[in-house]
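Throughout the sequence shown, residue numbering follows my numbering, covering 1294 to 1601 in sequence. Even for Gly, the Cβ is constructed at its ideal location relative to N, Cα and C. Note that the coordinates shown come from a computational prediction; the quantities given were computed from them, not determined experimentally. Before any comments, here is the structure.
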Amino acid sequence: MPAGREVATLSLPDGEPAVPEPVGPRTAALAVQGVVKRYGPVTAVDGVSFAVRRGEIFGLLGPNGAGKTTLIRMLTTLTRPTAGELFVGGESVSKNPVAVKKLIGVVPQVNNLERELTGRENLVLHALLHRMPRGDRERRIPELLEYVGLAHRADDRVQDYSGGMARRLLIARALMHRPPILFLDEPTVGLDPQTRRKIWDLIQVMNRDGVTVFLTTHYIEEAESLCHRVGIIDHGKLIALGTPRELKERLGAFCVEFFVGEGTRRVFFPTRQDAKAYASTLTGDITIRRTNLEDVFVELTGREIRGG
């Protein structure tokens, strides 16, 4: 699919699409228009265009080094693009970075909490940096600690937190000043499966509470479980954009997987009946399964997503 083509279909919880609605740089939660980022001879982001609607969970899926974090850094004012324009909440990132910062919360991939401070003290520090009135922050902090399930550990130092607890505190900190748009860069990297699913639950609750969520991930299941729409990025280029269901159905809803020679071959079909008919002509160990987003990625790029 050509980079920059707009797909305005929001997937509902039952998997059926909502009525398409127009989206542009001034009405979207965020918009990326022809963005390029070069570091010397290396092009990290190469002419990427897409938009995210307000109230959407949008996932940017791709392997490590694909350009995901670079895009987040540009959208959150930390890095300037070499070319192109970015808008967040209708504000130009290059022209109004201060206005953009008020609209966003950021959960970085790396834990940058103050380890010597308690969970509560980390939130107080963030509130002070955002010049929140004392009464507002004193109401907001216990509310958020309860929200992320850390009320019972609020006065413990962060150095004594588990990885999952620290990730939840990062989310609470990002929500402290009530931003309508939240960026999460690889929010569950390095977490065990049980903790990862707790973070998924929290992301869905935040979205139901009205927060637009933009997340990057290289976990296929994460993108399929959480995201209304997904963009797939590889070597700095946006190579596909749509709902998880749309992307899989373009390839074929069902996959016949079998071993040939020295490798596994996958053939895709629109229906299970078609897949079964084809499988009946084969011999050996044959699997019929539903297509997943990794299949889409492999077919588009010729390689598998593997996190480092």
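Considering only their Cβ atoms, is the gap separating Phe1562 from Phe1552 smaller than 8 Å?
no
Could you say if the segment 1514–1524 and the segment 1478–1493 meet the contact criterion of at least three C-beta pairs nearer than 8 Å?
yes
Please list the segments of the beta strand (DSSP E) lying wholly inside the segment 1434–1498, counting only runs of 3 or more residues, in order along the chain.
1474–1478
Closer than 8 Å by C-beta to Leu1575: which residues in its own chain qualify, once you throw out the five before and the five after it? Chain order, please.
Val1549 and Phe1551
Host beta strand (DSSP E) of Gly1398 (start-end)
Per DSSP, the unbroken beta strand (DSSP E) holding Gly1398 starts and ends at Ile1397 to Val1400.
Among Thr1363, Val1325 and Ala1337, which has the Cα closest to the Cα of Thr1509?
Thr1363
Can you give the Cα-Cα distance for Glu1263 and Arg1413, rounded to whole angstroms?
What the structure shows of the chain is the stretch from 1294 to 1601, and residue 1263 is not part of that stretch, so it cannot be assessed.
For His1423, collect the residues of the same chain with a Cβ closer than 6 Å to its Cβ; drop the 5 residues on either side in sequence, then sort them by chain order.
His1470
Test item: CB-CB of Leu1406 and Ala1465 under 8 Å:
no
Per the contact definition of three or more C-beta pairs closer than 8 Å, is the segment 1327–1340 in contact with the segment 1359–1374?
yes
DSSP state of Ser1385, grouped into three classes?
Three-state DSSP puts Ser1385 in a strand.
Apply the 10 Å Cβ neighbour rule to Leu1379 and answer buried if 16 or more other Cβ atoms are within range, or exposed otherwise.
Burial call: buried.
Close Cβ partners of Ala1459 (< 8 Å) along its chain, the five nearest in sequence each way excluded:
Asn1404, Leu1406 and Val1451
How would you call Ala1376, buried or exposed, if buried means at least 16 neighbouring beta carbons within 10 angstroms?
exposed
Opening and closing residue of the beta strand (DSSP E) in which Asp1588 lies:
Note, Asp1588: premise wrong, no beta strand (DSSP E); alpha helix (DSSP H) at Leu1586 to Thr1594.
Suppose contacts are defined by Cβ-Cβ distances below 8 Å. Is Val1482 in contact with Leu1462 by that definition?
The answer is no: Cβ separation not under 8 Å.
Return the CA-CA distance between Gly1456 and Leu1418, expressed in angstroms with no decimal places.
21 Å
Looking only at DSSP bridge pairs, what is Val1560 linked to?
As DSSP reads the structure, Val1560 sits in a beta bridge with Val1549.
Per DSSP, what kind of secondary structure is Ser1573 in: helix, strand or coil?
coil
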